[in-house]
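In order, the protein sequence lines correspond to chains L and V.
Residues 1 to 164 (my numbering) make up the first sequence, in order.
Residues 165 to 328 (my numbering) make up the second sequence, in order.
2 protein chains.
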Amino acid sequence: MKTQQELFVKMALDAWHIHIQRTDNLFNSLSDEQLSKEIAPGRNRGIYLLGHLTAIHDRMLPLLGLGEPLYPEWYELFVTSPDKASVAIPTMGDLRQSWKKVNTTLAEHFSTLAPADWFQKHNAVSEEDFAKEPHRNKLNLIINRTNHLANHLGQLTFLKPLNR
Amino acid sequence: MKTQQELFVKMALDAWHIHIQRTDNLFNSLSDEQLSKEIAPGRNRGIYLLGHLTAIHDRMLPLLGLGEPLYPEWYELFVTSPDKASVAIPTMGDLRQSWKKVNTTLAEHFSTLAPADWFQKHNAVSEEDFAKEPHRNKLNLIINRTNHLANHLGQLTFLKPLNR
């Protein structure tokens, strides 16, 4: 029988893992050529969103107190900068590999956390604010980042060929 | 001081309400003409997604045991059927109004639920399955529907004019 705390954590982490899996399946199903295309006319390219999601997830390592980011310089490339701003972005192969590496690293850390750990503050909130707003905890970061992932996953599905 | 149960309900409901607000702001900022367009070439039109989100949210009323759906016939039009399948869909004005009506109705019901109510089973899971899988509760439905909304919100942003 799960405690209520264990249940909350399972609900939030299940949603995270399902969306990682769906996004991973989509990336795996797309060729490099398809991923190089714009999601919609004039919008971000698939390769940019692959880098963007990797950089945002990589930043979760320090935010959750799980360690240093693996690709700290990608935040500037794929979050601070818009698509097509920089001439030098990593290769598709490197990006595909790093997407998996970051998510695997997060999953490994997640599996070692006790339920109570998830209700501690994350590192983007101060001690003072957390005392007043205890919902700004590590699990809340997972809920928010899952929604962020779902948002971009909806866009990335447009890279799949139309069924006519 | 909030109980942990209250805290978790707040985390999930905050994410829901934020995404409803963002989507509402986006719909309000788009003209009828813009909402009539396809999100991306050959994909769903904005008007279909407006109906789709309304129908999915309307179905949450019976799933959460909060009452009958307000527009039961829209499920067939906007969920079972793909876009452009039916000649007779409601007008943009009716759809815009119903989107607000459904979400307001949900919000009113949500505000009357006690934290413990959210951990009861929803109506798409059997008693037997719920006994084995207690995470399939009402709050989990909110988490899943928030991700569904975020997924389509990401697509709907493409209806906004490009900043060139």
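Positions of the beta carbon are idealized from the N, C-alpha and C atoms, including for glycine.
Note that this is a predicted model, so its numbers are computed, not measured.
Cβ of Gln120 of chain L within 7 angstroms of any chain V Cβ: No - not a single Cβ of chain V is within 7 angstroms of the one on Gln120 of chain L.
Collapsed DSSP secondary structure at Glu232 of chain V in the structure displayed: Note: Glu232 of chain V maps to coil in three-state DSSP.
DSSP three-state assignment for Arg43 of chain L, whether helix, strand or coil: Here Arg43 of chain L sits in coil by DSSP.
The segment 203-220 of chain V touching the segment 288-302 of chain V, judged by at least three CB pairs closer than 8 angstroms: Contact between the segment 203-220 of chain V and the segment 288-302 of chain V is absent: fewer than 3 CB-CB pairs across the two stretches fall below 8 angstroms.
Span separating the alpha-carbon of Ala252 of chain V from that of Trp238 of chain V: Looking at the two C-alpha atoms, the distance is approximately 11 angstroms.
Contact set between Asn308 of chain V and chain L, taken where Cβ atoms lie within less than 8 angstroms: Within 8 angstroms Cβ-Cβ: Ala15.
Reduced DSSP secondary structure (H/G/I, E/B, other) of Lys201 of chain V: Correct three-state label for Lys201 of chain V: coil.
Beta-carbon proximity of Lys121 of chain L to Phe130 of chain L, cut-off 7 angstroms: Against a cut-off of 7 angstroms, the Cβ pair of Phe130 of chain L and Lys121 of chain L comes out as a contact.
Test item: CB-CB of Leu230 of chain V and His273 of chain V under 7 angstroms: A contact, by the Cβ cut-off of 7 angstroms.
Chain V contact residues for Met92 of chain L, given Cβ-Cβ distances below 7 angstroms: The contacting residues do not exist; Met92 of chain L stays about 22 angstroms from chain V at best.
Interface flag, Met224 of chain V vs chain L, CB-CB below 7 angstroms: Cβ-Cβ to chain L under 7 angstroms: no for Met224 of chain V.
Whole-Å CB distance - Arg145 of chain L paired with Ile56 of chain L, under 8 angstroms assumed: Contact annotation, Arg145 of chain L with Ile56 of chain L: C-beta distance approximately 7 angstroms; criterion of less than 8 angstroms satisfied.
Within chain L, the residues that Arg207 of chain V reaches when beta carbons sit closer than 7 angstroms: Correct list: Phe158.
Leu194 of chain V versus Phe242 of chain V - alpha carbon distance: In a straight line, the C-alpha of Leu194 of chain V is about 20 angstroms away from that of Phe242 of chain V.
Asn315 of chain V classed as buried or exposed, judged by whether at least 16 other C-beta atoms fall within 10 angstroms: Classification of Asn315 of chain V: buried, given that the 10 Å Cβ count is 16 or more.
Residue of L:Phe119, L:Leu159, L:Lys100 minimising C-alpha distance to Gln4 of chain L: The residue with the shortest Cα to Cα distance from Gln4 of chain L is L:Phe119.
Other residues of its chain near Asp58 of chain L: CB distance less than 7 angstroms, five sequence neighbours each side excluded: Within the same chain, Asp58 of chain L has close Cβ partners Pro69, Leu70, Tyr71, Trp74, Val102.
7 angstroms Cβ cut-off: residues of chain V touching Leu153 of chain L: What Leu153 of chain L touches in chain V: Asn315.
For Asn137 of chain L, the three-state DSSP class (helix, strand or coil): In this structure, Asn137 of chain L counts as strand in the three-state DSSP scheme.
Whether Leu199 of chain V touches Ile211 of chain V by CB criterion (7 angstroms): The beta carbons of Leu199 of chain V and Ile211 of chain V sit closer together than 7 angstroms.
Sequence-distant residues of its chain with Cβ nearer than 6 angstroms to Val9 of chain L (five each side left out): Here the set comprises Pro115, Trp118.
Through-space distance from Leu190 of chain V to Pro161 of chain L, alpha-carbon basis: Taking the CA atoms as reference points, Pro161 of chain L sits about 27 angstroms from Leu190 of chain V.
Beta-carbon proximity check, Leu214 of chain V vs Trp263 of chain V, cutoff 7 angstroms: In contact: Leu214 of chain V and Trp263 of chain V (Cβ atoms closer than 7 angstroms).
7 angstroms Cβ cutoff, Phe8 of chain L in contact with chain V: Interface residue, yes.
Cut-off 8 angstroms between Cβ atoms - residues of its own chain near Phe158 of chain L, not counting five sequence neighbours on either side: The answer, listed in chain order, is Ile39, Ala40.
His135 of chain L at chain V interface by Cβ criterion, 7 angstroms: Chain V, which has a Cβ nearer than 7 angstroms to the Cβ of His135 of chain L, makes this yes.
Residue closest to Leu13 of chain L, alpha-carbon to alpha-carbon, out of L:Leu153, L:Arg45, L:Asn163, L:Leu113: Considering only alpha carbons, the answer is L:Leu113.
Inter-residue Cα distance where the pair is Lys248 of chain V and Thr268 of chain V: Computed Cα separation, rounded: 28 angstroms.
Residue burial classification, Gln155 of chain L (beta-carbon count within 10 angstroms, cutoff 16): Classification of Gln155 of chain L: buried, given that the 10 Å Cβ count is 16 or more.
Option in L:Ala15, L:Arg45, L:Met11, L:Leu106 with minimal Cα separation from Glu33 of chain L: Out of L:Ala15, L:Arg45, L:Met11, L:Leu106, the CA that lies nearest to the CA of Glu33 of chain L is found in L:Arg45.
Residue(s) in a DSSP beta bridge with Lys285 of chain V: BP columns for Lys285 of chain V point to V:Asn301.
Three-state secondary structure assigned by DSSP to Ser81 of chain L: In the structure shown, Ser81 of chain L adopts coil according to DSSP, grouped into three states.
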